[in-house]
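Its first residue numbered 25, the sequence shown is counted upward by one per residue in our numbering.
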Amino acid sequence: MHWPALRYEILMSMARRLPIVRLSRSLAHSLGLNRRDLRDTVQRMIDAGEQLVWVGKNEFRLWDPRTTITLDLDDERLLTLLAALRRYAEGGHTRSELVDAAHLLHRIATQLPLDQFARLQAIGRFHVMPEPVAEDGSRSTSTRNLVTRALRDQRKLRVVYTDASENRTERLLWPVTLTNHDMSLAAWCELRQAFRTFNLHSMAAVEVLDGAIPDTAEALLAKWRARGV
Numbered sequence: 025m026h027w028p029a030l031r032y033e034i035l036m037s038m039a040r041r042l043p044i045v046r047l048s049r050s051l052a053h054s055l056g057l058n059r060r061d062l063r064d065t066v067q068r069m070i071d072a073g074e075q076l077v078w079v080g081k082n083e084f085r086l087w088d089p090r091t092t093i094t095l096d097l098d099d100e101r102l103l104t105l106l107a108a109l110r111r112y113a114e115g116g117h118t119r120s121e122l123v124d125a126a127h128l129l130h131r132i133a134t135q136l137p138l139d140q141f142a143r144l145q146a147i148g149r150f151h152v153m154p155e156p157v158a159e160d161g162s163r164s165t166s167t168r169n170l171v172t173r174a175l176r177d178q179r180k181l182r183v184v185y186t187d188a189s190e191n192r193t194e195r196l197l198w199p200v201t202l203t204n205h206d207m208s209l210a211a212w213c214e215l216r217q218a219f220r221t222f223n224l225h226s227m228a229a230v231e232v233l234d235g236a237i238p239d240t241a242e243a244l245l246a247k248w249r250a251r252g253v
């Protein structure tokens, strides 16, 4: 058995036996990796369809379909939240803080019941994220910011992606939402004809295409959520 495949089996075995697996430096060293590379390995396992989920920056466990996050927000509280984040975004804050506020609202909204999700989108257009820029004011070309632009403009992405087996393939993606502390992108993959989650660190040659995704952002997110991804 090759070493990458052995690492894969060791990590899956730990996830089956332990309530939570912590990616400690000692574990990474024992598997011949640094902690960042070990985290990328786990993310590629998730991308490949293994039933794992992050519960912290350096902790994961087996995914339990019974575990859900529910936000009990009536319309009044929802509007209060939206107004607060609008004031934050419109205040004297840095570009980075403004983007972080938009991502926070986006993450919260993906957990709402679909009827509240639709009302929030109609009122506040929360998915319209600010355009990230570089220090000199030009458009930023970091992976995260290109993905943000595609989400905001509802555009397809072309990426070269390294999967769990370290194979590189070109993918055409319809972006849905950022997940895993904004370190991954949930998207419809034209190559696999299915929803997949992609680690931003494993993306290369990221390009925002002119062509719009052939579905609304709301409909695409509803389909993604309905499949329990």
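All C-beta atoms in this analysis are idealised placements derived from N, C-alpha and C, irrespective of residue type, glycine included. Source: prediction; values computed, not measured.
*asked:* Give me the DSSP bridge partner(s) of T221.
replied: A210
*Decide if A228 is buried, meaning its Cβ has at least 16 other Cβ atoms within 10 Å, or exposed.*
exposed
_Going by DSSP, what residue range makes up the beta strand (DSSP E) through T203?_
R192 to T203
*Could you please give me the residues that DSSP links to T186 through a beta bridge?*
R192
*Of the residues W248, P199, E33 and E74, the one placed nearest N169, counting alpha carbons only*: Nearest of W248, P199, E33 and E74 to N169, Cα basis: P199.
_Run of the alpha helix (DSSP H) containing D71, from where it starts to where it stops_ = R59 to D71
*asked:* Between T221, C213, S226 and H225, which has its C-alpha nearest I237's C-alpha?
replied: C213
*Please determine, among S37, R46, A39 and L197, the residue with the shortest C-alpha to C-alpha distance to D234.*
L197
*For the candidate residues E242, V66, A210 and L181, whose alpha-carbon lies nearest to that of M38?*
The shortest Cα separation from M38 among E242, V66, A210 and L181 belongs to V66.
*Whole-angstrom C-beta distance between R182 and E231, which should lie under 8 Å*: Separation of the CB atoms of E231 and R182 is rounded to 4 Å, and the pair is thereby assigned contact status at 8 Å.
*When burial is assigned at 16 or more other CB atoms within 10 Å of the CB, is A250 buried or exposed?*
exposed
*Counting only the same chain and skipping the five closest in sequence on each side, list residues whose C-beta sits under 7 Å from that of V152.*
Note that V152 scores a pLDDT of 42, beneath 50, so its modelled location is shaky; the value from the coordinates is reported in the next line. So the list reads R176, once near-sequence residues are dropped.
*Would you call K180 buried or exposed, if buried means 16 or more other Cβ atoms sit within 10 Å of its Cβ?*
buried
*asked:* Distance cutoff 8 Å, beta carbons only. Does T221 sit that close to anything in chain B?
replied: In summary, chain B is missing from the structure at hand, where a single protein chain is found.
*Go through its chain and collect everything with a Cβ distance to D187's Cβ below 8 Å, but skip five positions before and after it.*
R68, D71, A72, T193 and S226
*List the endpoints of the continuous beta strand (DSSP E) containing W78.*
Residues L76 to G80.
*So what does DSSP say about R21, is it helix, strand or coil?*
The shown model of the chain, from 25 to 253, leaves out residue 21, and the question about it has no answer.
*Pick from P43, N223 and H53: whose alpha carbon is nearest that of W87?*
P43
*asked:* Can you find the residues in the same chain that come closer than 7 Å, C-beta to C-beta, to E33, ignoring five residues on each side of it along the sequence?
replied: none
*Alpha carbon to alpha carbon, what distance is there between T240 and F150?*
Residue placement at F150 is flagged as unreliable, the pLDDT there being 49, under the threshold of 50; the coordinate-derived value follows with that caveat. One C-alpha to the other measures close to 14 Å.
*asked:* Quick check on this structure: which residue in E190, S189, N191 and Y185 has the alpha carbon closest to the alpha carbon of L209?
replied: Minimum Cα distance to L209 is reached at Y185.
_Measuring alpha carbon to alpha carbon, tell me which residue in E190, M207 and R216 is nearest L224._
M207
*State the start and end residues of the unbroken beta strand (DSSP E) segment that holds R176.*
No beta strand (DSSP E) contains R176, which is instead part of the alpha helix (DSSP H) from T167 to D177.
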